[in-house]
Amino acid sequence: MSKPSSTPRRRRWLGGLIGVLIGLGVPVTALGQEAATPPADGHVLPAHPDVSRHYNFFGGIPFGYKNKDVFGGTLGDGVMKDAGGKLVYETGHDAKGNTTYAPAAEEPMSAPFVLMVFNFVLLLVILAKFGGPVARKMAEGRHDQIKTALDEAAKLRAEAKDKLDSYTKKLADADAEIKKMIDGMRADAEADKVRILAAAEAQAVALKKDADERIAAEIDRARLLLAREVAVAATGAAEKLLRDKTTAGDHQQLVSTFITGLASPAASGSSKERV
């Protein structure tokens, strides 16, 4: 035990000396090379060790693993030794990139894998014994909730389908009613059209008849006016002709003839009265 414990002390002393020499500017190539030499009496860990190299399957059962390091040595003595009793070293690098070797830090032994399996099985048993009924009850409750929700959804779906069918029927009835109303409106419009055309034709005939009557009346009035004007003109022309062509004797004779003519109807009328 004295030899392994002196090695770290010697390495620390050499490290301190190298630091002092570097601070003074003294070449320390030889010292660096000596520090990079792997220890002959130690077990050097690889630079990239396998993480499963110290995996514990059965060691330290049931609780002895708590006081041991990964190599099976006593935990807390400050060093780790392999199965052959060699001191375990780990590699590193200094500031210049040179490889260095130092005693590996202690690592506690992991719990045995068998205990982990046992704990897991025990947990499963506890869960099955105490958590099983609770989980079963929760599952049954969840099943009932899901079943109730599905039944409610089916009921709502049936109600929605019934409403949809009702709305579809109402829409179909509304379409039929609208079609019936449109057909009735078309028939009424056609009847109104026929009636309006008939009334228009009758009014046109009446207007034409009235116009014809008015035109005929205007023609008769125009004829009367024309005849009157012709008579007046003829009378005037005759008077002028008589004035120009007749003598005083002719005038006297015309007056006598006119008076005689007037007297003759009067005498004939008196005789008729007497008769």
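Under the working numbering, the sequence shown has 204 at position 203, and the numbering climbs by one with no breaks.
Glycine included, every Cβ here is placed at the ideal spot set by N, Cα and C.
A quick note: this is a predicted structure, and the numbers were derived from the prediction, not measured.
**Report entry** Under the three-state DSSP convention, the category D78 falls into
**Finding:** coil
Query raised in the report: So the beta strand (DSSP E) G142 belongs to, where does it begin and stop?
Result: That residue, G142, is in no beta strand (DSSP E); its alpha helix (DSSP H) goes G133 to K246.
Query raised in the report: What residues in its chain sit with their C-beta under 7 angstroms from that of R215, if we drop five residues either side in the sequence?
Result: none
Query raised in the report: Counting along the chain, where does the alpha helix (DSSP H) carrying L124 start and finish?
Result: F114 to I127
Query - Span separating the alpha-carbon of L124 from that of F72 - result: Each residue's alpha carbon lies about 30 angstroms from the other.
Query raised in the report: Roughly how many angstroms lie between the CA atoms of L88 and F121, to the nearest whole one?
Result: 36 angstroms
Query raised in the report: Looking at the structure shown, is L22 part of a helix, part of a strand, or coil, going by DSSP?
Result: Confidence at L22 is low in this model, with a pLDDT of 47, below 50, so the placement of that residue should be treated as unreliable; the coordinate-derived value is given next. If DSSP states are grouped into helix, strand and coil, L22 belongs with the helices.
Query - DSSP three-state assignment for K87, whether helix, strand or coil - result: coil
Query raised in the report: If you run the structure through DSSP and keep just helix, strand and coil, what is D251?
Result: helix
**Report entry** Distance, K156 Cα to D176 Cα
**Finding:** Answer to the nearest angstrom: the Cα atoms are 30 angstroms apart.
Query raised in the report: Can you tell me the Cα-Cα spacing of V256 and E230, whole angstroms?
Result: 26 angstroms
Query raised in the report: DSSP three-state call for K67: helix, strand or coil?
Result: Three-state result, K67: helix.
Query raised in the report: A106 and G93: beta carbons closer than 9 angstroms?
Result: Cβ atoms of A106 and G93: not closer than 9 angstroms.
Report task. Find out if the Cβ-Cβ distance for the pair M110, L76 is shorter than 9 angstroms. Result -> Yes, the pair counts as a contact, with Cβ atoms nearer than the cut-off.
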